[in-house]
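Down below is the structure, laid out as structure tokens.
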Ligand code: HGY
Ligand code: MN
Ligand code: MN
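Numbering (the working numbering), first residue to last: 1341 to 1743.
So this is what it looks like as structure tokens:
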């Protein structure tokens, strides 16, 4: 099995990789995305799996008849954040194929259909909304709302899908497909250091923190950077800067996290006071009340500073995922299959499993990430931990689908 893991890792590695940063730029409905989709199809066909792409662009590779129902599904996503790492998403997809190879080597016989899935647009790097593929399929994102999504160049999601050869008119909920799933298990690199600290290769997810993305539009007054007196300025960059600092203060006070990781400035000239500064806030907390408190406090600080600067502020929530508590029965069954002493840990990272958990029994396996670094070219998981993850996933799939 580790041979097939290596071979898949090597063939996937160059797709969508930036030579400049060493990170990945696999954005929804782009050429890199198409390359990854072709890679997925080739891996599935090489294993004699029936491959299909659903109405929302998610890819499914089936062993057995989906119509039989009660399928065990595993997989993750292949898209990335800008300059993301190699493991976030792909480790779950590669491990799924490698786990199937392992089960075939063991001579396992499947009593339930098995599927390996590649969910489209999990990171929302291009259109700003996380988990578009799984949200559409589970009915958590309507076709109307999906049609409103635009990328930085003003291209809409349906336009991008059409340009990639997909029919955007078909998108929408897929309850029949979800009804055929008995359990979904997503393996993912840990985006934290809990397993490194506990000394374990593999862990099981307990919950996902509630988290969201808010766009702050700070609208000021464009003017000359060299001739406009300071007292006469309505400079949105100052308001933005104050808001970024307030975000850190409020998150620290609440034991939450808040990040302004993306900013867009108009007209973005060195010698021009901006007319508009757009900042995107990502905030997460262990519970909803804390998250609400933090975001409310950040917005309050932003408005107070906006008043002082004579700047207009509009805040738009662009993405939101409520707290996810993974189903205990499946979680505990997986722990039993894996020997009963696997650490169970929460995470602040969102996943398709979190979205699907509202519709089907869902669980997650985490693989140790010694630095905890993610959403960075430096993201890394040691080979022996990756192999341990594949073997654990194979045990889980065997326990769920072969007995
Ligand atoms: O942002 C997240 O938590 C995930 O990586 N999409
Ligand atoms: Mn991610
Ligand atoms: Mn991910």
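We put the beta carbon where it would ideally sit given N, CA and C, even for glycine.
Computed from a predicted structure; not experimentally measured.
- Residue nearest to residue 1579 in terms of C-alpha spacing, selected from 1567, 1514, 1652: Closest option to residue 1579, judged by alpha-carbon separation, among 1567, 1514, 1652: 1652.
- Message: Whole angstroms are fine: how far does the CA of residue 1428 sit from the CA of residue 1463?
- Response: For residue 1463 and residue 1428, the distance between alpha carbons rounds to 10 Å.
- Message: Just to be sure I understand the criterion: a residue counts if its Cβ is closer than 6 Å to at least one heavy atom of ligand 2. Which residues meet that?
- Response: So the residues near ligand 2 by this Cβ test are 1421, 1428, 1463, 1715.
- Message: Short of 6 Å in beta carbon distance, which residues of its chain neighbour residue 1703, apart from the five on each side in sequence? Order them along the chain.
- Response: Taken in chain order, the residues that qualify are 1525, 1666, 1670, 1671, 1674.
- Residue range of the alpha helix (DSSP H) that residue 1641 falls in? Taken as a continuous stretch (DSSP letters only), the alpha helix (DSSP H) holding residue 1641 covers 1628-1649.
- Are residue 1559 and residue 1616 closer than 7 Å when you measure CB to CB? Yes, these two residues count as a Cβ contact at 7 Å.
- Message: Using the three-state DSSP reduction, which class does residue 1538 fall into: helix, strand or coil?
- Response: In the three-state reduction of the DSSP assignment, residue 1538 falls in the helix class.
- Task: Starting from residue 1552, follow its DSSP beta bridges and name the residues at the other end.
- Result: Bridge partners of residue 1552: 1623, 1660.
- Which class does residue 1415 belong to by DSSP, given the choice of helix, strand or coil? In the structure shown, the three-state DSSP call for residue 1415 is strand.
- Query: Cβ of residue 1512 versus every heavy atom of ligand 1: is any distance shorter than 6 Å?
  - Reply: Because no heavy atom of ligand 1 lies under 6 Å away, the Cβ of residue 1512 does not count as near it: no.
- Is there contact between the segment 1432-1443 and the segment 1479-1494, where contact requires at least three CB pairs shorter than 8 Å? Segments in contact, no.
- Message: Using 8 Å for Cβ pairs, my map puts residue 1451 next to residue 1742. What's the rounded Cβ distance?
- Response: With 8 Å as the limit, residue 1451 and residue 1742 qualify as a contact, their Cβ atoms being about 6 Å apart.
- Message: So residue 1691 and residue 1548 are supposed to be a Cβ contact under 8 Å. How far apart are they, rounded?
- Response: The beta carbons of residue 1691 and residue 1548 sit about 7 Å from each other, so the pair counts as a contact at 8 Å.
- Using the beta-carbon count (16 or more within 10 Å), is residue 1746 buried or exposed? A question about residue 1746 goes unanswered here, because the residues of the chain that appear run from 1341 up to 1743.
- Those residues which DSSP pairs with residue 1456 across a bridge: In the DSSP output, where bridge partners are listed per residue, residue 1456 has 1401, 1414.
- Within the segment 1343-1406, note down every full alpha helix (DSSP H) run reaching 4 residues or more, in order along the chain. Fully enclosed alpha helix (DSSP H) runs of 4 or longer: 1371-1386.
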